[in-house]
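Take a look at the structure set out below.
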Amino acid sequence: MTRWGTIRRRAALLLAGLVLLEAAPVMAAESAAEQISGFRLKHGEGRVVRDATLDRIAMDQARAMAAKDDLSHDALGPFNKRVAPSGAGRAAENIAYGYDNFEKTLGQWIDSSGHRKNLLLHNASRVGIASAKNPSGKRTYWAMVIAGDYEPKGKKNKDKEPLVAVKREAAPTSKPKSSNCHVKLLGLCI
Numbered sequence: 011m012t013r014w015g016t017i018r019r020r021a022a023l024l025l026a027g028l029v030l031l032e033a034a035p036v037m038a039a040e041s042a043a044e045q046i047s048g049f050r051l052k053h054g055e056g057r058v059v060r061d062a063t064l065d066r067i068a069m070d071q072a073r074a075m076a077a078k079d080d081l082s083h084d085a086l087g088p089f090n091k092r093v094a095p096s097g098a099g100r101a102a103e104n105i106a107y108g109y110d111n112f113e114k115t116l117g118q119w120i121d122s123s124g125h126r127k128n129l130l131l132h133n134a135s136r137v138g139i140a141s142a143k144n145p146s147g148k149r150t151y152w153a154m155v156i157a158g159d160y161e162p163k164g165k166k167n168k169d170k171e172p173l174v175a176v177k178r179e180a181a182p183t184s185k186p187k188s189s190n191c192h193v194k195l196l197g198l199c200i
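Take a look at the structure:
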């Protein structure tokens, strides 16, 4: 094989690896939405799908909590202002720290009455989920934003009332076990 052939082969393998690495968070992301949808369907509510705007809101929240190493809905300011860009009529946020994977975090939320109520938000159709490690890399912070009752495009809120009304506080969870991960995204160690 010529030198250029070897370089092309290595480049193709690198590109294939990058494509798989890029797809992995999406596959994990869909899995999280499917897990939430499965829980919602068992309790008479509809499916939710991932939403890029809600994912960004959740990621900003998870990163802010991780950077401050503080579990707080107000890490970036009031929830209703943070979620306003989503255009949702109703929204709720669950936060947590402790587990390194979404499945265990979801189980923790299901076992908590306030978090469970948020997961079962009536008419919710979209969700955003994110996690971030604190500066020491020893604690994973999670944020989930679930929303529904979207305003039709071009329609204004005539009553001038806030469109977002639901938020529940999360109780701290146990500290996670030490991990060799430097970056963790939706349960994937990178």
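Per this note's numbering, the sequence shown starts with residue 11, numbered consecutively.
Just so you know, even glycine gets a beta-carbon here, dropped at the ideal spot from N, CA and C.
| Asked | Found |
| --- | --- |
| Endpoints, the alpha helix (DSSP H) within which K91 is located | 89-93 |
| For G99 and Y160, believed in contact at Cβ under 8 angstroms, the rounded distance | 6 angstroms |
| Span of the beta strand (DSSP E), counted from its first residue to its last, around G158 | 150-160 |
| Reduced DSSP category for G48 - H, G, I as helix; E, B as strand; rest coil | helix |
| Within 7 angstroms, strictly: CB atoms of V155 and I67 | yes |
| Contacts around R126, its chain only, beta-carbon distance under 7 angstroms, and the 5 residues preceding and following it disregarded | W119, I120 |
| Best match in G147, A157, T12 for proximity to S96 [C-alpha to C-alpha] | A157 |
| Closest Cα partner of L131 within the set Q71, E103, D70 | E103 |
| Where S141 falls, given that 16 or more other Cβ within 10 Å makes a residue buried | buried |
| Proximity below 7 angstroms, CB of A76 to CB of K148 | no |
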